[in-house]
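What follows is a set of notes on a single structure, which appears directly below.
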Amino acid sequence: MSGEAEIGMDAGALNAFLHRAFPEVDPEQMPQVLEVEGDRALLKLPYASRQLRPGGVISGPTMMSLADTAAYAMILARIGEVALSVTTSLNIHFLRGCKPGDLYAEATLLKLGRRIATVDVLMWTEGRERAAAKATVAYAIP
């Protein structure tokens, strides 16, 4: 996909939308869209001790939730506010234990069709080069 892709929503608009669309999520724990550029979006989930699993690493469900949110944000960044876009599949590979800390997700749009979008998401706490998980997420677009 092109790095010069048209942006439907910028980071500020995406953050405002996520807060409106998911009012039940504690604002302190809402993933934050840090930047959107072309076919790439960068998000951060602020660290909270409740994200940990036994063994002191960030839990799989926490990472899956961030992967899903990052893919959703990336797609909306391109197509605009289409709230009823829904996840059709999420496949995740856990690469290493994810140490406690702010969790980052880099979402890269692989394909944007008329009805389906596919996004790769890389996640880390210790730096991108030490990725903890990689997900591929597909969304149906109404």
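Once you know that position 112 of the sequence shown is 167 in our numbering, the rest is easy, because the numbers rise by one and skip nothing. For each residue, glycine too, the CB sits at the ideal point set by N, CA and C.
For I134, the three-state secondary structure derived from DSSP is helix.
Per DSSP, the continuous alpha helix (DSSP H) segment holding L69 begins and ends at 66 to 76. For E83, no beta strand (DSSP E) encloses it, and the DSSP letter there is neither H nor E.
A buried status is given to R133, since no fewer than 16 other beta-carbon atoms sit within 10 Å of its beta-carbon. Here DSSP, grouped into helix, strand and coil, assigns D123 to helix. Of the candidates L69, R151, A187, the residue whose Cα lies closest to the Cα of A96 is L69. Using a Cβ distance threshold of 8 Å, I147 and V174 do not count as a contacting pair.
Distance between A103 and A76, taken at the CA atoms: about 22 Å. The continuous beta strand (DSSP E) containing E161 extends over residues 158 to 167. Here the stretch 168 to 183 lies against the stretch 119 to 130, with 3 or more beta-carbon pairs under 8 Å apart.
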